[in-house]
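Undergrad:
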Amino acid sequence: MGDVKIYCSKCGKKLLSYNPPGFIRYKSPVKRCPSCNTRYVDPRCWEIAIQGLPRDTFNIKSFLIMLVFGVLFLWRGIVLFGMRTLGAPDNIQWLMPTTITLAGIIMVIGSIIEIILILTGAKQKRFDKLKRESEDRLNDKSYAYILSDLGYNVPDKYL
Ligand SMILES: [Zn+2]
């Protein structure tokens, strides 16, 4: 199930189905149909040298907001452990508080790690490296033309 569906231009096989933006990866978007080997572009894979990065990649504020929500989830989950969920059978009373608590823990840890990586410059370094790799790929003219032919918006300087 997904809002975006991509079919092979040659054999019609369903290649992708997802809800945008999907899970963005920073690598070559050129893939091949497993059934007939025809090339296609996966829009969830970004060439950083062309597309840049999602807006909030280095936005500490957005991760601080996530941290606050994580703490609220965690707190709510712990409070729920002491309460009964109306209408839920006894044997799954633990489910709701556990789910909320776990989501809170993941959000808290995830946002703290992101904030540390941004503050120490480690995140910048990682994306600088990914950008160089992207530029290296695009500096290969045959690759740039393949991307362009597949409908990817490749700037003139690479062609
Ligand atoms: Zn195909």
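When you line the sequence shown up against this note's numbering, it's residues 13 to 171, in that order. Glycine included, each C-beta is placed from N, C-alpha and C at the ideal position.
So if I measure from each beta-carbon to every heavy atom of ligand 1 and keep distances below 6 Å, which residues remain?
TA: Working through the chain, the matches are C20, K22, C23, K25, C45, S47, C48 and T50.
Undergrad: Could you pull the start and end residues of the beta strand (DSSP E) that S29 belongs to?
TA: Start and end: K26 to Y30.
Undergrad: Whole-angstrom Cβ separation of V120 and G82, contact assumed at under 8 Å?
TA: Yes, V120 and G82 are in contact; Cβ-Cβ is about 4 Å, under 8 Å.
Undergrad: Going by C-alpha to C-alpha distance, which of Y170, Q136, Y157 and D168 sits closest to V53?
TA: If we check each option's Cα against that of V53, Y157 comes out closest.
Undergrad: Cα separation between G116 and A100?
TA: Rounded to the nearest angstrom, the two C-alpha atoms are 22 Å apart.
Undergrad: Taking 8 Å as the cut-off, does the region 126-133 touch the region 146-156 (at least 3 CB pairs, one atom from each stretch)?
TA: Segments in contact, no.
Undergrad: Near E147, what residues of its chain come up, given a Cβ to Cβ distance below 8 Å and the 5 sequence neighbours on each side ignored?
TA: Correct list, in chain order: A61.
Undergrad: Where does V166 fall in DSSP's three states?
TA: Three-state DSSP puts V166 in coil, outside helix and strand.
Undergrad: Below 8 Å on the Cβ atoms is my contact criterion, and I expect C48 with C20 to pass it. Report the Cβ-Cβ distance as a whole number of Å.
TA: Correct: roughly 6 Å between the Cβ atoms.
Undergrad: Spatial neighbours of K22 within its chain, please: CB distance less than 8 Å, with the 5 preceding and 5 following residues excluded, ordered by chain position.
TA: The answer, listed in chain order, is C45, C48 and T50.
Undergrad: Let me make sure I understand the geometry here. Which of I125, D15, V91 and K137 has the alpha-carbon closest to that of T111?
TA: The option with the nearest alpha carbon to T111 is V91.
Undergrad: Within the continuous beta strand (DSSP E) that includes I18, where are the two ends?
TA: V16 to Y19 is the extent of the beta strand (DSSP E) around I18.
Undergrad: Relative to the C-alpha of L86, which candidate in S40, I118 and Y164 has its C-alpha closest?
TA: When only C-alpha atoms are compared, the closest one is I118.
Undergrad: Quick one: residues in its chain with C-beta nearer than 6 Å to the C-beta of Y38, no 5 flanking neighbours on either side, listed in chain order?
TA: Cβ within range, chain order: W58, I60 and L142.
Undergrad: For the alpha helix (DSSP H) that contains R149, what are its first and last residues?
TA: R149 -> alpha helix (DSSP H) spans A134 to L150.
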